[in-house]
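Below: the structure, in C-alpha cells.
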Ligand code: NAP
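Numbering (our numbering), first residue to last: 32 to 333.
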C-alpha cells in the first residue's frame with residue numbers, strides 16, 4: 032500500500048521537496064503557517080490541511096521542514112500539533128536542521144504515543160531540493176528508514192543511515208562546519224584574486240575544477256561575481272546552524288575555532304540587517320575589513 036504523506040513547511044526547501052513527492056505519485060497533504068504559500072502545491076494536486084493535527088490525522092507519514100528547534104517543537108508537539116492527530120504506527124520525519132538533543136526529546140514524546148520518528152536533515156541547497164538530488168542524513172530505526180526510503184528517494188540522491196535518534200542532526204552540523212569553512216575560504220580567495228589584479232572569472236575557471244573545487248565555490252562563486260545576494264540559504268538560518276554547532280561543541284568540549292570566528296562574522300552581517308541575504312554574502316564581512324569589494328574596480332594596486 033502506498034503511504035499517504037503530509038508535508039509541513041513550504042519554504043525555500045519544503046516547496047521543492049513537496050513538488051518532487053507529488054511528481055513521484057504520492058498522495059500529498061500540505062500545511063504551511065502562511066497559508067497562501069500552499070496555493071502553488073494545491074494547484075499541482077496537493078490537498079491543503081487546516082492544521083498540523085488535521086494533516087497528521089489523514090497521513091501515514093508526516094514530513095516537517097521548518098526553520099528552527101522551537102518551530103519543530105511547535106508544529107509537532109504544540110496545540111493543534113502533529114501529535115494531536117497522528118495515529119499509533121504513524122511516522123514523523125523531521126527534515127529541518129535543529130538541535131540533536133531536542134530531537135531525542137521529541138522522538139521520546141512521539142514514541143510514548145506509538146508514533147515513530149526519523150531525523151533526516153538535508154544538504155544540497157535550494158537547487159538540490161528542486162531537482163530531487165539532496166543528500167539526506169538519517170537518524171532513527173533502520174526499519175523506519177526502510178519504510179521511508181521510497182519517499183526519501185523522491186527527494187534525495189544520497190541517503191545515509193548514520194545512527195539512532197539525533198544522529199542525523201549531529202551529522203548535519205558536521206556538514207555545516209564544512210559548508211562555512213568553504214564559504215570563508217572562497218571569500219578570502221576571491222578578495223585575494225581581486226587584490227592580485229587577475230580576472231575573477233578566469234581565476235574561478237582555473238581553480239573550480241581542481242583540488243580547490245567545492246559545491247560552495249561552483250554554486251555560490253558565480254553569484255558573488257555577479258553580486259547576486261538572493262538566498263538559496265539565508266544568513267539567519269546559517270547563523271542558527273552555527274549556534275547549534277557551538278552549543279553542541281561546548282557540551283562535548285571540542286574546539287571549533289574557525290566555526291566560532293565565522294559565526295561572529297555572520298553576526299556582523301545580521302547587525303547590518305543582511306540576515307535575509309544568501310550565506311555567500313559572508314564575503315561582505317571580509318570586504319569591510321579589506322576596504323574594497325569583489326567585482327568592483329577599487330581593489331588596491333597589485
Ligand atoms: P525558509 O524558506 O525560511 O522556510 C521556513 C519554513 O518554516 C516556512 O514554511 C515557514 O512558514 C516555516 N516556519 C518557520 N517558523 C515556523 C513556526 N513557528 N511554525 C510553523 N511554521 C514555521 O527556510 P528553508 O530554507 O526552506 O529551510 C527550512 C529548513 O531546512 C531549516 O531548518 C534550514 O536550516 C534547513 N535547510 C535549508 C537549506 C537551504 O539551502 N535553504 C539547506 C539545508 C537545510 P512561513 O511560510 O509561514 O514563514
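Glycine is no exception: its CB is placed at the ideal position from the N, C-alpha and C atoms.
- Annotation: residue 320 to residue 168 spans about 36 angstroms, alpha carbon to alpha carbon.
- In the structure shown, residue 170 adopts extended strand secondary structure according to DSSP, grouped into three states.
- Contact annotation: residue 60 and residue 76 have beta-carbon atoms that are not nearer than 8 angstroms.
- In the three-state DSSP reduction, residue 190 falls in the strand class (E or B).
- In this structure the stretch 219 to 230 does not lie against the stretch 258 to 276, because fewer than three pairs of beta carbons, one per stretch, are closer than 8 angstroms.
- Checking the DSSP bridge columns, you'll see residue 62 partnered with 39.
- Using a Cβ distance threshold of 8 angstroms, residue 93 and residue 121 count as a contacting pair.
- Between residue 112 and residue 84 a beta carbon distance of about 6 angstroms is seen, short of the 8 angstroms cut, so the two are scored as contacting.
- For residue 44, the shortest C-beta to heavy atom distance toward ligand 1 is below 7 angstroms.
- Residue 102 has its Cβ nearer than 7 angstroms to a heavy atom of ligand 1.
- In the three-state reduction of the DSSP assignment, residue 150 falls in the strand class, which pools E and B.
- The residue from 119, 280, 243 with its alpha-carbon nearest to that of residue 132 is 280.
- Assignment of residue 100 by DSSP, reduced to helix, strand and coil, places it in the helix class.
- Exclusion of the five residues before and after residue 143 leaves no residue of its chain whose Cβ lies closer than 6 angstroms to its Cβ.
- Closest by C-alpha distance to residue 187, out of 157, 171, 174, is 157.
- Comparing C-alpha distances from residue 81 to each of 297, 64, 282 shows the shortest one belongs to 64.
- Residue 122 is bridged by DSSP to 92, 147.
- Residue nearest to residue 183 within the set 42, 317, 52 is 52 (criterion: CA-CA distance).
- A residue is called buried once 16 or more other Cβ atoms fall within 10 Å of its Cβ, and residue 316 is buried on that count.
- Classified as buried, residue 310 has 16 or more neighbouring CB atoms from the shown chains inside 10 Å of its CB.
- Bounds of the alpha helix (DSSP H) holding residue 201 are 198 to 226.
- Given a length threshold of 4 residues, each whole run of the alpha helix (DSSP H) inside the stretch 269 to 323 is given here in chain order: 288 to 302, 314 to 321.
- Checking the DSSP bridge columns, you'll see residue 165 partnered with 187.
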